[in-house]
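Please read the structure below before turning to the comments.
Protein chains: 2
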Amino acid sequence: MPTAALPVWSEIRGDLLRMIHTGAWKPGDQIPNEVELASTYGCTRSTVSRALRDLAEAGFLVRRRKSGTRVAANPTRRAPLEVPIIGDAIKAAGHAYRFELVERKLKTAPVNVTQALGMPAGIDLLHVQVVHRGGNLPLQFEDRWLNPLAATGISQADLATIAVDRWLLQFAPLGNATIAIMAEAAGEDIADALDLRTGDPVLVVERTSFRLSKPLSFLRLVHRPGHRITTAI
Amino acid sequence: MPTAALPVWSEIRGDLLRMIHTGAWKPGDQIPNEVELASTYGCTRSTVSRALRDLAEAGFLVRRRKSGTRVAANPTRRAPLEVPIIGDAIKAAGHAYRFELVERKLKTAPVNVTQALGMPAGIDLLHVQVVHRGGNLPLQFEDRWLNPLAATGISQADLATIAVDRWLLQFAPLGNATIAIMAEAAGEDIADALDLRTGDPVLVVERTSFRLSKPLSFLRLVHRPGHRITTAI
DNA sequence: TAGTGGTCTAGACCACAAA
DNA sequence: TTGTGGTCTAGACCACTAG
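These protein sequence lines are chains A and B, in that order. Under this note's numbering, the residues of the first sequence are numbered 2 to 234, in order. Under this note's numbering, the residues of the second sequence are numbered 2 to 234, in order.
See the structure below:
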């Protein structure tokens, strides 16, 4: 019974990974160079190189010209943290999705917002507040400040019909962003919007995003207690 | 003044990425195939393939045999979430690091722990509790259940001298794990350990890890209010 | 200076999935 | 059936850097 025929480079990667996991190669150890491994596995250098590059990108190996390849000494694993469209995530969880536009107004942005976006204090930004519901339960409170100069066309968008995050994705797919996750006590406004008691612990995700190197949006996503952000290494 | 000489595949990647960011190629659009792109850029198919593969791994493109390459319709960005050694992180933040071993005892594990680890209920695991301090301020409360059968040698380890997480890294580098992040209200024990008031919002990270496909450790990391987990896309 | 990884070529065959 | 991406080879030259 043959196992599933994986590509050679993938087999090699698994083999090398096993050497690390079992402790045959310990953190800091130097491993054979590409030419040696190629002859060991009976393939070309390109093929082992593919495996080694993959392991290096995953953080298992550290590669340097001339000095060779070593097992990472201080391996910091990186778990992929997904950033989905809110509505899609709620639907995927099996709930009926609905959202309410609470506010949509050009206002003077608070200092913490302009600072995060690297914009001058006192500037006017588009303030958008949305409550996202799954099966009538308010799951997320979205509080967003948008730069109308970077998000041209947002003025014409009907944000009561299309969720802001979806609109942004269509308009400005995949820019840069910084993300912060924290726990906070719900204030009165949040408690009101999410139907909680003041002081209840809420999970907050702040995202500052840029489009073509220009400030685009500062977002605070407040999650209902019990919400878990999950991932796997 | 020549710009820094990037590899060809990297230049191509940047070029293609620009097509996406500027909206020349929109989500769902099909882009030219490898052979066309190779002739466009005057290089071999391998080189454009490298660029395309990179963009696909980053989530910008979706590639399928026969049907070709398209701009991702529902692009989910992945932010790298780092999992550092606690002591290193505290030192890197500029604080003096110190930790206290609160408990280290073989006990019957609670159901939620055995369930997460996929172990039979009622089994005995090594329970370890540690308070991590930065500059005398308790920053994290670590509550861990270890499988002594997978972590052979933990019985001999002096966990008052070496932090558990560091010991584990030496012993079982880089296994698999699932991670969950949530907000909770501090219970009495947590409030006591972290010098908080009961009910204060704390950020909790749960990590269930495996070594060579065997259950290794269930960890709850409770962070002091104000702590932020940060990353960038 | 020499050893190592990084890149690139010009091919080839194969696996998959849409028509 | 056939177009597409996925893999692999056997070379080559280059870039970086430790000794």
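Glycine included, C-beta positions come from ideal geometry on N, C-alpha and C. Just so we're clear, the structure is a prediction, and the values are computed from it rather than from any experiment.
Between the stretch 4-14 of chain B and the stretch 208-221 of chain B, the count of C-beta pairs closer than 8 Å stays below three; the two stretches do not touch.
By the C-beta criterion, the stretch 18-25 of chain B is judged not to be in contact with the stretch 196-213 of chain B, since fewer than 3 inter-stretch pairs fall below 8 Å.
In the three-state scheme derived from DSSP, where H, G and I count as helix and E and B as strand, F100(B) is classed as strand. G69(B) has R65(B) as its beta-bridge partners, per DSSP. In the structure shown, H22(B) adopts helical secondary structure according to DSSP, grouped into three states. Annotation: Cβ neighbours of G200(B) in chain A (cutoff 7 Å, chain order): G200. If you check each beta-carbon in the stretch 177-200 of chain A against every beta-carbon of chain B, the ones closer than 7 Å belong to N177, A178, T179, I180, A181, I182, M183, A184, E185, A186 and G200. What N75(B) touches in chain A, judged by beta-carbon distance under 9 Å, is P85, I86, D89 and L170, going in chain order.
Taking C-beta separations shorter than 7 Å and ignoring five residues to either side along the sequence, the partners of W26(B) in its chain run M20, I32 and V72, following chain order. If you look at Q130(B), you'll find it in the beta strand (DSSP E) that goes D125 to G135.
Under DSSP, M183(B) forms a beta bridge with R229(A) and V205(B). Measuring C-alpha to C-alpha distances from A110(B) to each of P139(B), R145(B) and A74(B) identifies R145(B) as the nearest. Classified as exposed, P85(B) has fewer than 16 neighbouring CB atoms from the shown chains inside 10 Å of its CB.
The stretch 132-150 of chain A makes contact with the stretch 91-101 of chain A, as at least three CB pairs between them are under 8 Å. When DSSP reads this structure, W146(A) sits in a beta bridge with H128(A) and F219(A).
Annotation for T77(A): G60 place their beta carbon closer than 7 Å to its own, counting only its chain and skipping 5 residues before and after. At a cut-off of 8 Å between C-beta atoms, I234(B) counts as an interface residue with respect to chain A. Within chain A, A181, I182 and M183 have C-beta atoms less than 8 Å from the C-beta of I230(B), given in sequence order. For V203(B), the closest Cβ of chain A is nearer than 8 Å. Distance check between L107(A) and each of L126(A), N177(A), A164(A) and D196(A) places L126(A) closest, using alpha-carbon atoms only. For L82(B), the enclosing beta strand (DSSP E) starts and ends at R78 to V84.
N34(B) is a Cβ neighbour of G69(B), given a cutoff of 8 Å. Nearest CB-CB separation between R134(B) and chain A: not below the 8 Å threshold.
In chain order, L127, L147, P149, W168 and F172 place their CB closer than 8 Å to the CB of I155(A), counting only its own chain and leaving out the 5 sequence neighbours on each side.
Non-local C-beta neighbours of T179(B) in its own chain, meaning closer than 6 Å and more than five positions away in sequence, comprise T209, ordered along the chain. Close to R79(A), with beta-carbon spacing below 7 Å, are these residues of chain B in chain order: P81, L82 and E83. The shortest C-alpha to C-alpha distance from N137(A) to any of I91(A), L204(A) and L170(A) is the one to I91(A). Look at the stretch 123-151 of chain A: it has no residue with a C-beta under 7 Å from a C-beta of chain B.
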